[in-house]
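Before any comments, here is the structure.
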Amino acid sequence: MYEEIAAKKFKELQNKDDYLILAIESSCDETSAAVTRGRDVLSLVIASQIEIHKRFGGVVPEIASRNHVSAIRNTVDEALKQANVSLSDISAVAVTYGAGLLGALLVGVSYAKALAYAMNVPLIKVNHVRGHISANYIADKSLEPPYLCLLASGGHTAIVEVTGYDDVKVIGTTQDDAVGEAFDKVARVLGLPYPGGPEIEKLAKDGKPTIDFPKGFHNKNTLDFSYSGLKTSVINYMHTAAQKGEAVNKADVACSFQKSAVGVMTENVEKALLKTGLKTVVIAGGVASNKHLREEMEKVGKKRGVNVIYPPLKLCTDNAAMIGACAYNLIKEGKGRASLDLDASASVSLE
Ligand code: KG4
Ligand code: ZN
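Numbering (the numbering used here), first residue to last: 6 to 356.
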């Protein structure tokens, strides 16, 4: 019975804009819920577990799952309250089903399924990475495919051609570490807490790019990335200095690393813009909150006469509003409806 009602309601939503989506995200260490209407965010609540995982130097999956279980109900209730709506006002429930930590994802997926079933509304499954890209639709209400996207998160580093709301083509990707992963690992060597990205950015402000760390695949005819060489050279620099008993200017190390890491991305974006002829480029993923990256991307945009878009800080890292925005576009295309046997997936392909 539920599936028939949900399928009918899903079809009805396709030509509407003014309905409410309740979106849920729990793929890693943030429990988040949002109420969205089209590209507008009525409320966004993020219960971060960063302080809990900090002492372990990274996310502990089992601890993350347990904390999602504790947080999910209050997070959803708070999102409804802040949007000044009740469950009966919601027309669809959207949820991240992958990629991410399986146990963590399962909490959001199970909660979303129960809500959709109880309210007899469609359940929409959202790919987490597509969600990150969709944060840009909230940032720029007039954004439409085709455009280029630099995806820079803890799990992905890629250059993507977004050819339709549900169509993406990866034209360059990392061959080893993701850029966020490199930020986190370098931060650890510098003795900075998890997550490393924001910590490196903070420390880099006091430093100068005095050290010439290598840029992976620099000057090569490829849109691919490599971060393991850069990461290893920072680690070697620190170890060599420690062995020699030499003092290290950590701010300079952070600044030099950040310059190389960002340089690789902006160089590739410039090549991709030339190759594709696209006139808009967006940034997506946690690393998109990095100010140096934003500034360097602005420079590329000016140089090439291209529009550069990135989400506000709160929408760069994991959040449910981007999941709601992605679900809205899927519904419009008649895609994304999941039945109640939806399962979480640890890995989901981007394309
Ligand atoms: O997109 P995200 O929240 O999670 C994934 O889907 O992977 O990205 C998290 C990553 C972490 O590696 C974190 O260190 C990095 O984004 N990050 C940053 C900054 N803020 C978060 N990296 C550089 N600069 C930042 N300001
Ligand atoms: Zn993410």
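Where a beta carbon is used, it is the ideal one built from N, C-alpha and C, also for glycine.
Rounded to whole angstroms, what is the Cα-Cα separation between Tyr142 and Ala247?
Along the sequence shown, one-based indexing puts residue 142 at 137. Along the sequence shown, one-based indexing puts residue 247 at 242. Computed Cα separation, rounded: 47 Å.
Starting from Leu278, follow its DSSP beta bridges and name the residues at the other end.
Here residue 278 corresponds to residue number 273 of the sequence shown, with the count starting at 1. Beta-bridge pairing links Leu278 to no other residue.
Alpha carbons only, please: which of Met124, Ala123 and Ala104 is nearest the one belonging to Gly133?
As a working note, residue 133 is residue 128 in the sequence shown. Gly is not the amino acid found at residue 133; the sequence shown has His there. Here the closest residue by C-alpha is Ala104.
Across the stretch 285-296 and the stretch 154-174, are there enough close Cβ pairs to call them in contact, namely three or more that are closer than 8 Å?
yes
On the three-state DSSP scale, how would you describe Asp172?
For the purposes of this step, residue 172 is taken as residue 167 along the sequence shown, with counting starting at 1. Three-state result, Asp172: strand.
Taking only runs of the beta strand (DSSP E) that begin and end inside the stretch 218-293, which ones reach a length of at least 3 residues, in chain order?
285-289
Determine the closest residue to Ile51 out of Ala266, Ala326 and Ser350, with distance taken between C-alpha atoms.
Start at 1 with the first residue of the sequence shown, and residue 51 comes out as number 46. It is Ala326.
Compute the minimum distance between the beta carbon of Gly282 and the heavy atoms of the ligand ZN, and state whether it is under 7 Å.
Counting from 1 along the sequence shown, the entry for residue 282 is found at position 277. Outside the cutoff, so no.
Helix, strand or coil: which one does DSSP assign to Val194?
To locate residue 194, count along the sequence shown from 1; it is residue 189. Note: Val194 maps to helix in three-state DSSP.
Just the C-alpha distance for Ser231 and Gln180, rounded to the nearest angstrom, thanks.
The sequence position of residue 231 within the sequence shown is 226, counting from 1. The sequence position of residue 180 within the sequence shown is 175, counting from 1. Rounded to whole angstroms, Ser231 to Gln180 spans 5 Å at the Cα level.
Nearest-angstrom Cα separation, counted from Val191 out to Lys236:
In the sequence shown, residue 236 corresponds to position 231, counting from 1. In the sequence shown, residue 191 corresponds to position 186, counting from 1. When rounded, the distance between both Cα atoms is 6 Å.
Please confirm whether any heavy atom of the ligand KG4 lies closer than 7 Å to the CB of Phe188.
Position 183 of the sequence shown holds residue 188. Flag set: Cβ of Phe188 near the ligand KG4.
Over what stretch of residues does the beta strand (DSSP E) that includes Thr41 continue unbroken?
Along the sequence shown, read from residue 1 onward, the residue named residue 41 stands at position 36. First-last of the beta strand (DSSP E) with Thr41: Glu35 to Arg42.
For His73, count neighbouring C-beta atoms within 10 Å of its own C-beta (all shown protein chains included) and say buried if the count is 16 or more, exposed if not.
Residue numbering aside, residue 73 sits at position 68 when the sequence shown is read from its first letter. His73 comes out buried.
Taking 7 Å as the cut-off, is the beta-carbon of Asn295 closer than that to any non-hydrogen atom of the ligand KG4?
One-based indexing of the sequence shown puts residue 295 at position 290. Checking the Cβ of Asn295 against the ligand KG4 gives yes.
Where are the alpha helix (DSSP H) runs, 4 residues long or more, that stay fully inside the stretch 34-93, in chain order?
55-59 and 66-87
Check for me: the alpha helix (DSSP H) holding Ile26 runs from which residue to which?
Mapped onto the sequence shown, residue 26 falls at position 21. Careful: Ile26 lies outside any alpha helix (DSSP H), inside the beta strand (DSSP E) at Leu25 to Glu30.
Below 8 Å on the Cβ atoms is my contact criterion, and I expect Gly136 with Thr101 to pass it. Report the Cβ-Cβ distance as a whole number of Å.
Here residue 136 corresponds to residue number 131 of the sequence shown, with the count starting at 1. Here residue 101 corresponds to residue number 96 of the sequence shown, with the count starting at 1. Confirmed, Cβ separation roughly 6 Å.
Can you check DSSP and say which residues form a bridge with Val114?
Counted from its first residue, the sequence shown places residue 114 at position 109. Paired residue(s): none; Val114 is not in a bridge.
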